[in-house]
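Encoded as structure tokens, the structure appears first; notes follow it.
Protein chains: 2
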Amino acid sequence: MQVDVHLGARAYPILIEAGLLAKPQKWIDFIHGKHAVIVTNTTVAPLYLAALQKNIVQHHKKIITVVLEDGEAYKTGTSLMQILDAMLAAKCDRKTTVIALGGGVIGDVAGLAAALYMRGVTLIQIPTTLLSQVDSSVGGKTAINHPLGKNMIGAFHQPIAVLIDPDTLTTLPKRELRCGLAEMIKHGAALDAPYFEWMQNNTKAILELDLSALATGIAESCRLKAGVVERDERESGERALLNFGHTFAHAIEVGAGYGTWFHGEAVAAGMVIAAQLSSAVTGCPSEVGQKIQALLAEAHLPLTPPKMSFDRWYELMSLDKKNNAGKIHFVLLESLGVSRIQAVERETLQQSMQGFTVSV
Amino acid sequence: MQVDVHLGARAYPILIEAGLLAKPQKWIDFIHGKHAVIVTNTTVAPLYLAALQKNIVQHHKKIITVVLEDGEAYKTGTSLMQILDAMLAAKCDRKTTVIALGGGVIGDVAGLAAALYMRGVTLIQIPTTLLSQVDSSVGGKTAINHPLGKNMIGAFHQPIAVLIDPDTLTTLPKRELRCGLAEMIKHGAALDAPYFEWMQNNTKAILELDLSALATGIAESCRLKAGVVERDERESGERALLNFGHTFAHAIEVGAGYGTWFHGEAVAAGMVIAAQLSSAVTGCPSEVGQKIQALLAEAHLPLTPPKMSFDRWYELMSLDKKNNAGKIHFVLLESLGVSRIQAVERETLQQSMQGFTVSV
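As structure tokens, this is what we get:
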């Protein structure tokens, strides 16, 4: 399957196919220049690195490999500099291709390195987790975290291709598979009611790694995301709808300490709070929130955030990138599959969040 | 005077006017959002910061000020993080405007911070040196240095406006004024023979800070540079011609240690070597090189690079961003005002550079 992201001079294909990594003839031409820099992590490297290197070396490329530690805690300036240092030491030129082999953290850090090296080189995303296959590898967002907030330092840098091999999900820990499901459920809930219903019928198959259901779901999520990105590449409007649940999720991740909650888990609990806030602000029917909770529960995702005081929630959310003129902005549902962005007053928020906060 | 840079959705004006900084009504509308982050250095701050702050505060903006140490040695990741840390600590949002008040180093580092903060915020360039007024503040290049090479980490991020007040040149050390002249001479030599002749007739007036000659020269350099940037924003071709003399210059700066040679001085000596190489490779008449040397001499710029072995020159130049497929590429003159990019073999280069190298 192929999904195209139509972005004019920056257009690119997303190739989705079981066994794709073993078929270099399908993607070798995307590797420009004579240097290929593979960025991966200590978990993914033993599984897929050697085969990828072999398939590239055959085509007379010089390979530089950077293996980062695994986890959100390594989505830092230090990791970014590790990649850039290696590229400079190897005298990589402007035609170099950076290949991100791994999940969302690898895609974001390697993507930012590609954006910054000599002011931008070619990037190929090879996402190996469900979350990165359905969401983070598409759309060109790259970033690192800062102690004061997630994804605060970054760039938009579109890849030249996204290569998705659902076979890589067979080695993925179940906890991470569930995190990918959270983003798929998000796509349905915020953007497309029929896809939400499809997810209601196929979540079990995806949890059981049914390759046909996986490929269909991945392609549908990529198609939805590509459409949003095509209409609003730099997130001046509609694209922010993809952040449904994320304002709360980022607060959960930072509040609990990076890595304690996985991103997809935080998004799941964040969507539960966001659905409740939606009912209070937009009048979204409470059944919508119940349907979302039921589907998240079927995917074995957490429905309840860690307990924090409201002041702490507010402080953590006040740094969110969607904010404007000092007000916290949220993605709210109007109904299933229909969402909008809206500023919410502190009092309204506090009232709606009562079930999720503790007094200090 | 106003020069417009036509870049579609990223178009912007360059305003050139003596006393411009004291006339906020001409530029206050470019400051978006409620936060303005002024980035400057310890030399410029005592001269222009207080007045600028006063003019902005009047318009109900919250100001964050970051004062870096002065000099190329501070064009580093550390300075970049200092700006980003301050912005995060002040909870700057996506509508924040970063104002670069200073020379090329400030413009490059502050510009990169604006490019990366929340994946990009508004940037205003207020160049206060002749070099940054005629060259580096226009075109959207931002960068920091790396121990292994100059400007190796960066981004393209166009400003929303460039504000040039030639009055700021009255406080500029003469050595820096001469560095700006080097880039003006470069514009004429590589791109525009009539402008080169104008420089032959006006270098003395510029050295004497004749405000009319300064404004005319600044506007003409900006116009030439804007034209090149409009035709090739991301430097896939023609824009690289602006790097005449720069392959050698970067080697001089790194070889001598950042800050020992000023950038404009290194460009001057670099142009002398590049003109000689041009004669050998393109058959550019040797009188062209002589004319360039004579004009550089009139501007009291150095004509002779520091002595280094050829191997050291070659090593330093082999990291240049114009390189491709392992070959060093140079901007070479075909005649006065006409240049092209060409790979040069190591042997040809070594022979042409004999007068500038020492044996080890």
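These protein sequence lines map, in sequence, to chains A and B. Taking the working numbering, the leading residue of the first sequence gets 1, the next gets one more, and so forth. Taking the working numbering, the leading residue of the second sequence gets 361, the next gets one more, and so forth. Note that CB positions come from ideal geometry on N, CA and C, so glycine has one too.
Chain B places a beta carbon closer than 8 Å to that of G154(A), counting this residue as a contact. If you compare the alpha carbons of L537(B), E429(B), A446(B) with that of I466(B), the shortest gap goes to E429(B).
When the beta-carbon positions are compared, V458(B) and T436(B) stay at least 8 Å from each other. Where G509(B) is concerned, the enclosing beta strand (DSSP E) starts and stops at 509-516. For G437(B), the nearest beta carbon of chain A is closer than 8 Å to its own beta carbon. The C-beta of V57(A) has fewer than 16 other C-beta atoms within 10 Å across all chains shown, which makes the residue exposed. Taking CB atoms only, R119(A) has a neighbour in chain B less than 8 Å away. Against chain B, the beta carbon of R94(A) has neighbours under 8 Å at K681, K682, N683, N684, listed in chain order. Around the beta carbon of V589(B), a 10 Å sphere encloses 16 or more other beta carbons of the protein chains shown; the residue is thus reported as buried. Interface criterion not met: the Cβ of A11(A) is under 8 Å from no Cβ in chain B. For the pair A600(B) and I701(B), the Cα-to-Cα distance works out to about 8 Å. Spatial neighbours of F670(B) in its own chain (CB-CB distance under 7 Å, excluding positions within 5 residues in sequence) are listed in chain order as Q710, M713, T717. Taking a cut-off of 8 Å for Cβ pairs, the region 303-318 of chain A and the region 260-270 of chain A touch, as three or more such pairs fall below it. Using a Cβ-Cβ cut-off of 8 Å, H6(A) does not count as an interface residue toward chain B, since no Cβ of chain B sits closer than that to its own.
As the crow flies, the alpha-carbon of S678(B) is around 8 Å from that of K687(B). Under the three-state reduction of DSSP, W313(A) is assigned to helix. Put simply, of M184(A), T129(A), A182(A), Q125(A) the residue whose alpha carbon is nearest the alpha carbon of Q158(A) is Q125(A). Looking at the backbone, the Cα of K510(B) and that of L676(B) are separated by about 10 Å. The Cβ of A449(B) sits closer than 8 Å to at least one Cβ of chain A. Interface flag for M677(B) against chain A is unset, since no Cβ pair is found closer than 8 Å. Boundaries of the alpha helix (DSSP H) harbouring L191(A): 174-191, taken from the DSSP string. Three or more beta-carbon pairs separated by less than 8 Å link the region 141-148 of chain A to the region 437-453 of chain B, which places the two stretches in contact. In this structure, the straight-line span from the alpha carbon of G463(B) to that of L301(A) is close to 53 Å.
For H420(B), none of the residues of chain A pass the 8 Å Cβ criterion, the least Cβ distance being about 12 Å. With respect to I164(A), I38(A) sits apart: the two C-beta atoms are not nearer than 8 Å. Rounded to the nearest angstrom, the gap between the Cα atoms of V5(A) and A113(A) is 22 Å. For P406(B), the number of other beta carbons within 10 angstroms of its own is below 16, and it is reported as exposed. Between the C-alpha atoms of L169(A) and V704(B) there is a straight-line separation of about 49 Å. If you look at Q2(A), you'll find it isn't in any alpha helix (DSSP H); it sits in the beta strand (DSSP E) that goes 2-5. Between E176(A) and L211(A), the C-beta spacing is not below 8 Å. I459(B): member of the beta strand (DSSP E) spanning 457-462, first to last residue.
Against chain B, the beta carbon of A143(A) has neighbours under 8 Å at R479, listed in chain order. Straight-line spacing of the CA atoms in V331(A) and A190(A) works out to 8 Å. Excluding sequence positions up to five before and after L214(A), its CB lies within less than 7 Å of the CB of P166, L169, I206, all in the same chain and listed in chain order. Chain order gives the chain B residues near A115(A) as A515, where near means a beta carbon separation below 8 Å.
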